[in-house]
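K.L.:
Submitted below is the structure of interest, expressed as structure tokens.
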Amino acid sequence: MTETAYSKPVPDLDDPAMAPFWTAARDRRLTAQQCTACKSYRYPALEICPTCLEQGANWVDVSQEGTVWSFATYHRAFHPGFKDELPYVVAIVENADGVRYTGRILGPRDGLAVGAKVRARFVDCTDRFTLPAWELVAA
Ligand SMILES: [Zn+2]
Numbered sequence: 510m511t512e513t514a515y516s517k518p519v520p521d522l523d524d525p526a527m528a529p530f531w532t533a534a535r536d537r538r539l540t541a542q543q544c545t546a547c548k549s550y551r552y553p554a555l556e557i558c559p560t561c562l563e564q565g566a567n568w569v570d571v572s573q574e575g576t577v578w579s580f581a582t583y584h585r586a587f588h589p590g591f592k593d594e595l596p597y598v599v600a601i602v603e604n605a606d607g608v609r610y611t612g613r614i615l616g617p618r619d620g621l622a623v624g625a626k627v628r629a630r631f632v633d634c635t636d637r638f639t640l641p642a643w644e645l646v647a648a
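Printed below as a string of structure tokens:
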């Protein structure tokens, strides 16, 4: 798919704070920043660790398994690019490492609930933009 064929918003893939995350997503890796001092994870990128207030961090691979922490079903398209997919679900997923990500729930939604098991799914939106999303794992 080319950049012009994709009709939804695209993040600034060259933003130095988040570029490592987007690069990893293209490689089907889910990442988070890990504090070099206290080893806690954080996402999205922050300059200062909210746990210990130190500055250093590295991007590291994290678990692609998680659970639905919260979700909302959208019945109105707040961007025209989404109108053909209504209704769609956006969830906050807590992965097995305790990192929370906001993303779409794709595929069958039978069993969708807080606490439902999910795994990451990577959607190639453009040549450069791969969007991490989630799919339910059958119980
Ligand atoms: Zn820290």
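In terms of this note's numbering, the sequence shown opens at residue 510 and continues consecutively.
Note that beta-carbon positions come from the ideal geometry of N, C-alpha and C, so glycine has one too.
Quick caveat, the model's predicted, so the values are computed rather than measured.
1) Please report how far the alpha carbon of Arg609 lies from the alpha carbon of Tyr552, in whole angstroms.
2) Nearest-angstrom Cα distance between Ala629 and Lys592?
3) Would a C-beta distance cut-off of 7 Å place Ala566 and Met527 closer than the cut-off?
4) Is the closest heavy atom of ligand 1 to the C-beta of Glu563 under 6 Å?
5) Report back the beta-carbon spacing between Gly575 and Ala605 to the nearest angstrom; my notes put them in contact at under 8 Å.
6) Using only the alpha-carbon positions, how far apart do Trp531 and Trp568 sit?
7) Using the DSSP secondary-structure output, state which residues sit across from Cys544 in a beta bridge.
8) Note down the Cα distance separating Glu512 from Cys634, rounded to an integer number of angstroms.
9) If we ignore side chains and look at the alpha-carbon of each, how far apart do Ser549 and Asp619 end up?
10) Give the DSSP bridge partners of Ala640, in chain order.
11) Report all residues from its chain with a CB closer than 7 Å to the CB of Thr611; omit the five preceding and five following residues, and keep chain order.
12) If you reduce the DSSP assignment to three classes, tell me which class Glu556 lands in.
P.N.:
By the coordinates alone:
1) For the purposes of this step, residue 609 is identified with residue 100 of the sequence shown, where counting begins at 1. For the purposes of this step, residue 552 is identified with residue 43 of the sequence shown, where counting begins at 1. Distance between the alpha carbons of Arg609 and Tyr552: 7 Å.
2) Here residue 629 refers to the residue found at position 120 of the sequence shown. Here residue 592 refers to the residue found at position 83 of the sequence shown. Near 23 Å, if we compare the C-alpha coordinates of Lys592 and Ala629.
3) Residue mapping note: residue 566 aligns to position 57 of the sequence shown, counting from 1. Residue mapping note: residue 527 aligns to position 18 of the sequence shown, counting from 1. Against a cut-off of 7 Å, the Cβ pair of Met527 and Ala566 comes out as no contact.
4) Locating residue 563 in the sequence shown gives position 54, counting from the first residue. Yes, the Cβ of Glu563 comes within 6 Å of a heavy atom of ligand 1.
5) Counting from one through the sequence shown, the residue named residue 575 turns up at place 66. Counting from one through the sequence shown, the residue named residue 605 turns up at place 96. Their Cβ separation, rounded to whole angstroms, is 6 Å, which keeps Gly575 and Ala605 in contact under 8 Å.
6) Locating residue 531 in the sequence shown gives position 22, where the first residue counts as 1. Locating residue 568 in the sequence shown gives position 59, where the first residue counts as 1. Looking at the two C-alpha atoms, the distance is approximately 11 Å.
7) Position 35 of the sequence shown, counted from the first residue, corresponds to residue 544. Note: Cys544 sits in a beta bridge opposite Ala566.
8) As a first step, residue 512 is located in the sequence shown; it is residue number 3 there, counting from the start. As a first step, residue 634 is located in the sequence shown; it is residue number 125 there, counting from the start. For Glu512, the predicted model reports a pLDDT of 47, less than 50, meaning its position is unreliable and no value from the coordinates is stated.
9) Your numbering for residue 549 matches position 40 in the sequence shown. Your numbering for residue 619 matches position 110 in the sequence shown. So the alpha carbons of these two residues sit roughly 33 Å apart.
10) By 1-based counting over the sequence shown, the position of residue 640 is 131. According to the sequence as given, residue 640 is Leu; it is not Ala. In the DSSP output, where bridge partners are listed per residue, Leu640 has Val632.
11) Within the sequence shown, numbered from 1, the residue matching residue 611 stands at position 102. Excluding sequence neighbours, Thr611 sits near Val599, Ile601.
12) For the purposes of this step, residue 556 is taken as the residue at position 47 of the sequence shown. Note: Glu556 maps to coil in three-state DSSP.
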